[in-house]
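Engineer: Counting from 574, one number per residue, gives the positions in the sequence shown under the working numbering.
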Amino acid sequence: MCLITGNDTMPQISVIVPIYKTEAYLQRCVDSILAQTFTDFELILVDDGSPDKCYAICEDYKAKDSRVIVVHKKNGGVSSARNAGLDAVRGEFVTFVDSDDYVKPAYLRDLLEKNADFVCQNGDILKEDGTIAFERSIETFHTRDLSVEDVYQMVYNDSLGYTLGKVLRLDIIRKNHIRFRENIKFMEDTLFMTEYALKCRSVVVEDIRNYCYILYRDDRALTSMDGGELLHCSRMAAREICKVLSDAGCSNIDTLYHYKLHLAYNVYFKDIIKFSRSSLNNNIRILMETSRDPDWREHCGHYKTCYFPKCLQQAMMHQNIVFIVVLGTLYTFKPELNRIKSRSLKSLRWYQK
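Next comes the structure, spelled out in structure tokens:
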């Protein structure tokens, strides 16, 4: 059961902020939203049973600003919190901001001025010190007749990944009963946005960077899950995304499915393969098990990038036990061999002097 407190006015846009264990960043986030140049909004702060001071911070903002509505609920995860926010909103439009991120003053104004069913903007990906972590590029376009193929391309290009920098019409969400899947722990936002985009007619995607997404050293789904859990969650989400597109009449689903799994496989192997003498037997066991995994073999057939040296991956695809053991041994000791090679080259250069 949720406890909701706030005002009774009808805003043009609702901003939903799911909150859990972010007391160090929450004030920066909320202040950035309350400082918007566009002022006809409500701010829904969803306290997802956070055990820190977030409860008190939310209540303090509610007391100071009539645009703030607070939802206190039992912890259920980010999807549950976003759904609770959707249940509470009253605006014509809705947007999401993570509680450890923040937005620039023109964020809401620039999203709303396009007057489209779905507006997607880029964002700055920042380190904790505020410097650019890396540039995120998106393919920009503006359409009034969105096709299933357009949505497929947006998913493939990752325009629909993340909730950052997006504004949606609340009536489309409620009319089509679109919700965040609470049983999916990774790419749940991509799935939600895919289901939403398929119900839209007009979409604008543009390279405006008013959303500041912060990469923390100890943060985000990729580091809060081990490789096996991430791979499992990625498979589940990718299957659902592809099913939604397939049911809408989209083809070439297999390509999209394996493209979405590529990152998860990279993280999975990085997590379980260790480059040390004591890890050799375990590495060989993992390589042997992987070579018999039909999902991995199918994935390699669709997505050609090698997770290992090409010769080792080919040995695994052909399940050549002898080559797997020999090449796996060399692969395990590759960093050590590289150090030996480097020292040898240094010695050779010294000798040649």
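Where a beta carbon is used, it is the ideal one built from N, C-alpha and C, also for glycine. Given the structure is predicted, the values throughout are model-derived calculations rather than measurements.
1. Which of helix, strand or coil does DSSP assign to P591?
2. Assign E761 to one of three DSSP states: helix, strand, or coil.
3. With distances taken between CB atoms, is the gap from L818 to L771 smaller than 9 Å?
4. Using C-beta distances below 7 Å, list every residue in its chain close to G661, excluding the 5 sequence neighbours before and after it, in chain order.
5. Considering only C-alpha positions, which residue in the set A706, N730, K677, N839 is nearest to R601?
6. Which same chain residues, not among the five before or five after G901, have their C-beta less than 7 Å away from its C-beta?
7. Between E779 and the rest of its own chain, which residues show a CB-CB distance below 6 Å, the 5 nearest in sequence each way excluded?
8. Assuming F753 contacts R655 (C-beta within less than 8 Å), just tell me the rounded distance between them.
9. How big is the Cα-Cα spacing for F614 and G738?
10. Look up L618 in the DSSP assignment and say whether it is helix, strand or coil.
11. Is the separation between the beta-carbon of T767 and that of V728 shorter than 9 Å?
12. Would you report the Cα separation of C631 and L599, rounded to the nearest angstrom?
13. Hey, would you say Q609 sits closer than 9 Å to A679, going by beta carbons?
14. Going by alpha carbons, who is nearest to K907 out of F848, V899, W869?
15. Taking the C-alpha atoms as reference points, what is the distance between E722 and E761?
16. Does I642 come out as helix, strand or coil in the three-state DSSP assignment?
17. Can you tell me whether E871 is buried or exposed? The criterion is at least 16 other CB atoms within 10 Å of its CB, across all chains shown.
18. Distance, Cα to Cα, G658 vs I589?
19. At what residues does the alpha helix (DSSP H) containing K833 begin and finish?
20. Does DSSP classify N730 as helix, strand or coil?
21. Out of curiosity, what's the CA-to-CA distance linking V840 and Q892?
22. If you follow the beta strand (DSSP E) that D780 is part of, which residue opens it and which one closes it?
23. State the Cα-Cα distance for the pair L607 and I586, rounded to the nearest angstrom.
24. Just to confirm my understanding: we take A821, look at its own chain, exclude 5 residues before and 5 after, and list those with CB closer than 7 Å. What are they?
25. Quick one: give me the first and last residue of the beta strand (DSSP E) that A706 is part of.
26. Using the three-state DSSP reduction, which class does H750 fall into: helix, strand or coil?
Structural biologist: Looking at the atomic coordinates:
1. The residue labelled residue 591 in the question sits at position 18 within the sequence shown. Here DSSP, grouped into helix, strand and coil, assigns P591 to strand.
2. Translated into the one-based positions of the sequence shown, residue 761 becomes position 188. The answer is helix: DSSP assigns E761 an H, G or I state.
3. For the purposes of this step, residue 818 is identified with residue 245 of the sequence shown, where counting begins at 1. For the purposes of this step, residue 771 is identified with residue 198 of the sequence shown, where counting begins at 1. Their beta carbons are under 9 Å apart, which means L818 touches L771 by this criterion.
4. Counted from its first residue, the sequence shown places residue 661 at position 88. According to the sequence provided, residue 661 is Ala. The question's Gly does not apply to it. Only I577, I617, I642, V644 meet the Cβ criterion.
5. Taking the sequence shown and counting its residues from 1, the one referred to as residue 601 is at position 28. With respect to the C-alpha of R601, the residue from A706, N730, K677, N839 having the closest C-alpha is K677.
6. The residue labelled residue 901 in the question sits at position 328 within the sequence shown. The residues are N856, I857, L860, L885.
7. Here residue 779 is taken as the residue at index 206 of the sequence shown, counted from 1. Excluding sequence positions up to five before and after E779, its CB lies within less than 6 Å of the CB of Q694, T713, all in the same chain and listed in chain order.
8. If you number the sequence shown from 1, residue 753 lands on position 180. If you number the sequence shown from 1, residue 655 lands on position 82. About 5 Å separates the two Cβ atoms, so the contact holds.
9. Mapped onto the sequence shown, residue 614 falls at position 41. Mapped onto the sequence shown, residue 738 falls at position 165. Those two C-alpha atoms are separated by around 16 Å.
10. Residue mapping note: residue 618 aligns to position 45 of the sequence shown, counting from 1. Strand at L618.
11. To locate residue 767, count along the sequence shown from 1; it is residue 194. To locate residue 728, count along the sequence shown from 1; it is residue 155. With a cutoff of 9 Å on beta-carbon distance, T767 and V728 are scored as near each other.
12. Position 58 of the sequence shown, counted from the start, is the residue given in the question as residue 631. Position 26 of the sequence shown, counted from the start, is the residue given in the question as residue 599. Taking C-alpha positions only, C631 is separated from L599 by approximately 9 Å.
13. Taking the first residue of the sequence shown as 1, we reach residue 609 at position 36. Taking the first residue of the sequence shown as 1, we reach residue 679 at position 106. Against a cut-off of 9 Å, the Cβ pair of A679 and Q609 comes out as a contact.
14. The residue you call residue 907 lines up with position 334 of the sequence shown. Selected option, being the one with the closest Cα: F848.
15. Walking along the sequence shown from the start, residue 722 turns up at place 149. Walking along the sequence shown from the start, residue 761 turns up at place 188. Linking E722 to E761 through their CA atoms gives a straight-line distance of about 21 Å.
16. If you number the sequence shown from 1, residue 642 lands on position 69. Secondary structure of I642 (DSSP, three-state): strand.
17. Position 298 of the sequence shown holds residue 871. Burial call: exposed.
18. Translated into the one-based positions of the sequence shown, residue 658 becomes position 85. Translated into the one-based positions of the sequence shown, residue 589 becomes position 16. When only Cα atoms are considered, G658 and I589 end up about 6 Å apart.
19. Against the sequence shown, residue 833 aligns to sequence position 260. K833 -> alpha helix (DSSP H) spans 826-845.
20. Here residue 730 is taken as the residue at index 157 of the sequence shown, counted from 1. The answer is coil: DSSP assigns N730 none of H, G, I, E or B.
21. On the sequence shown, residue 840 is found 267 positions in, with the first residue counted as 1. On the sequence shown, residue 892 is found 319 positions in, with the first residue counted as 1. When the Cα atoms are used, V840 and Q892 turn out to be separated by approximately 23 Å.
22. The residue labelled residue 780 in the question sits at position 207 within the sequence shown. Residues 776-787.
23. Here residue 607 refers to the residue found at position 34 when the sequence shown is read from its first residue. Here residue 586 refers to the residue found at position 13 when the sequence shown is read from its first residue. Cα-Cα distance, rounded: 13 Å.
24. Taking the sequence shown and counting its residues from 1, one reaches residue 821 at position 248. Correct list, in chain order: V721, L771.
25. Counting from 1 along the sequence shown, the entry for residue 706 is found at position 133. 705-707 is the span of the beta strand (DSSP E), which, as asked, contains A706.
26. Here residue 750 is taken as the residue at index 177 of the sequence shown, counted from 1. H750: coil per DSSP, three-state reduction.
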